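Chains A and B supply the protein sequences, listed in that same order. Heads up: the first sequence at position 63 corresponds to 57 in our numbering, and the numbers run straight through without jumps. Heads up: the second sequence at position 44 corresponds to 116 in our numbering, and the numbers run straight through without jumps. For reference, the structure discussed in these notes is given below.
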Amino acid sequence: NAGVTQTPKFRILKIGQSMTLQCTQDMNHNYMYWYRQDPGMGLKLIYYSVGAGITDKGEVPNGYNVSRSTTEDFPLRLELAAPSQTSVYFCASSYVGGIKYNEQFFGPGTRLTVL
Amino acid sequence: GQQLNQSPQSMFIQEGEDVSMNCTSSSIFNTWLWYKQDPGEGPVLLIALYKAGELTSNGRLTAQFGITRKDSFLNISASIPSDVGIYFCAGQSGTSYGKLTFGQGTILTVHP
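Written out as structure tokens, the structure reads:
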């Protein structure tokens, strides 16, 4: 199993540009998450999904959009990039509902710089 | 929103020393998780705790779910240089099903 994969690893955007961060998991997890991590800070939840077709806002959703058309994929869309979105973005997935629920597994991250 | 207070913020230790860090919350949690993040990588799950009072080990790492359900502790024994990284606690409460709240992390530096 590859686990959680993310692309790209690095990206530089100009202010106002848009992009999609890709995330795929092969563990058949029902929940998927997007976090951002600013320097010296913990992880802040942007959006999450409880299953295909169902998404909900996290702590810091402004400026982002998500969709979940399949169990495996959970892309994050930035429509009008702003310098405040410079951060490292992590995708995670977990199985929620069994005994070992919500053990979240993380991808390697996408380092995004907006200039 | 819920907050976790993780301490210390950073630690500088000599190889071979033991390390202790903790997380406290104003809310009751029903799950505590401990993660490690190496530079340039995503967090990796170290230990998961599901019952108050539970004590779980993973090699040189031992974590405990506090009896009040508002805190958790992580101990690393006989530290080695590869223990360097950022350690995060995370918790899930009954009111935030499916979502974790993360601490701000403890930066661990181990001097050979």
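Just so you know, even glycine gets a beta-carbon here, dropped at the ideal spot from N, CA and C. Bear in mind that the values here come from a model prediction, so they are computed numbers and not experimental data.
Integer Cβ distance of residue i from residue j, believed to fall under 8 Å
i, j, result
"LEU117 (chain B)", "PHE99 (chain A)", "7 Å"
"HIS23 (chain A)", "TYR83 (chain A)", "Not a contact, Cβ separation roughly 18 Å."
"LEU76 (chain B)", "GLY175 (chain B)", "4 Å"
"GLY147 (chain B)", "SER92 (chain B)", "Note that residue 147 (chain B) is Asn in the sequence shown, not Gly. The Cβ separation is near 5 Å, so the contact holds."
"LYS8 (chain A)", "ARG105 (chain A)", "LYS8 (chain A) to ARG105 (chain A), Cβ: 16 Å. No contact."
"LEU172 (chain B)", "ASN(-5) (chain A)", "Incorrect: roughly 22 Å between the Cβ atoms, too far for contact."
"SER63 (chain A)", "THR49 (chain A)", "Actually they do not touch by this definition, with Cβ atoms about 11 Å apart."
"GLY(-3) (chain A)", "MET21 (chain A)", "7 Å"
"ILE119 (chain B)", "ALA135 (chain B)", "4 Å"
"GLN81 (chain B)", "THR178 (chain B)", "7 Å"
"PHE160 (chain B)", "PRO111 (chain B)", "At roughly 14 Å, the Cβ-Cβ gap does not stay under 8 Å, so PHE160 (chain B) and PRO111 (chain B) are not in contact."
"CYS85 (chain A)", "GLN31 (chain A)", "Actually they do not touch by this definition, with Cβ atoms about 12 Å apart."
Beta carbon proximity, residue i to chain A, threshold 8 Å
i, result
"THR128 (chain B)", "no"
"PHE101 (chain B)", "no"
"LEU105 (chain B)", "yes"
is_contact[residue i, chain B] using C-beta, thresh 8 Å
i, result
"ASN96 (chain A)", "yes"
"PHE4 (chain A)", "no"
"LEU74 (chain A)", "no"
"VAL54 (chain A)", "no"
"TYR25 (chain A)", "yes"
"MET21 (chain A)", "no"
"PRO69 (chain A)", "no"
"VAL90 (chain A)", "yes"
With 16 other Cβ atoms within 10 Å as the buried cut-off, status of residue i
i, result
"PRO33 (chain A)", "exposed"
"SER78 (chain A)", "exposed"
"GLN94 (chain B)", "Residue identity check: residue 94 (chain B) is Asn in the sequence provided, not Gln. Result: buried."
Residue-chain proximity (residue i, chain D), Cβ-Cβ < 8 Å
i, result
"LEU106 (chain A)", "Within the model displayed, chain D is absent; protein chains A and B are what it includes."
Can we say the segment 60 to 76 of chain A touches the segment 31 to 45 of chain A, given the rule of at least three CB pairs closer than 8 Å?
yes
Beta carbons nearer than 8 Å to chain A: which residues of the segment 114 to 126 of chain B have them?
Listed by position, the residues of the segment 114 to 126 of chain B near chain A (Cβ gap below 8 Å) are GLY114, PRO115, VAL116, LEU117, ALA120 and TYR122.
I'd like to know if the segment 137 to 156 of chain B and the segment 12 to 20 of chain A are in contact, where contact means that at least 3 CB-CB pairs between them fall below 8 Å.
no
Any contact between the segment 138 to 152 of chain B and the segment 95 to 108 of chain B? By contact I mean 3 or more CB pairs, one from each, below 8 Å.
Yes, the segment 138 to 152 of chain B touches the segment 95 to 108 of chain B.
What are the residues of the segment 158 to 177 of chain B that lie near chain A, defined by any Cβ-Cβ distance shorter than 8 Å?
PHE160, ALA162, GLN164, TYR169, GLY170, LYS171, LEU172, PHE174, GLY175, GLN176 and GLY177
If you measure beta-carbon to beta-carbon, which residues of the segment 34 to 46 of chain A are closer than 7 Å to chain B?
MET35, GLY36, LEU37, LEU39, TYR42 and VAL44
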